[in-house]
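As structure tokens, the structure follows; a few thoughts come after it.
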Amino acid sequence: MMEKTTGMHGMMDMTTMGGHAAKRSRMWSWYHVDVEDTVLFKSWTVFDAGTMVWTCFVIAAAGICLEALKYFRWASGELVKRHQDDENSRKNFWHHHFIDTLYHGCQLVLAYVLMNVYMVFSVYICLSLCLGLSVGHLIFGSRTHLKKI
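Structure (structure tokens):
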């Protein structure tokens, strides 16, 4: 049985009755700096500063990976455009379209996962995600000067 109550400040306390002890986890609806949080899964619990630092590095790396996926999808499309007149390339249209579809699917999944991570509303996690996306854009985002290569 699960009971759901809303506190005065919009924080939801979820109580799960199991045995003699009741476990409480918080769902924040505002930005906070508390270190105790659950990220995506019940098993990914941040309980101290060391775990928060590790979590922030993982989230930043995931942001860089999202920008890398966006770049590789773009680069794959540019490669197909360059070889459009090649007869062999026309035969491989579905192969290239399938690869683009895989890139698109991976990009969507990672983007939605990162959106859910951001919705933890931890200032540290949100800043590390923004920093990771920015570093990824710095590394992979400068596509305009590569069009002539």
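In my numbering, the protein residues as written are 1 to 149.
The beta carbon of each residue, even a glycine, is placed where N, CA and C say it ideally should be.
Since we're looking at a predicted model, the values are computed, not measured.
Item: Look up T38 in the DSSP assignment and give the residues it is bridged to.; Value: T45
Item: Opposite S122 in the DSSP bridges: which residues?; Value: H32
Item: Report the rounded CA-to-CA distance for L69 versus D100, giving the unit in angstroms.; Value: 11 angstroms
Item: Taking only the alpha-carbon atoms, compute the straight-line gap between V135 and A61 and give it to the nearest angstrom.; Value: 9 angstroms
Item: Considering only residues of the same chain and omitting the five flanking positions on each side of H104, which have a CB-CB separation below 8 angstroms?; Value: R73
Item: Under 8 angstroms Cβ to Cβ from L110, same chain only, skipping five residues before and after it: list those, please.; Value: A62, C65, L66, L69
Item: Considering only the alpha carbon of each residue, which of V35, H137, L40, D34 lies closest to Y118?; Value: L40
Item: When you compare only the Cα positions, how much space is there between G132 and L114?; Value: 11 angstroms
Item: Exposed or buried, what is I139 when buried is set at 16 or more other beta-carbons lying within 10 Å of its beta-carbon?; Value: exposed
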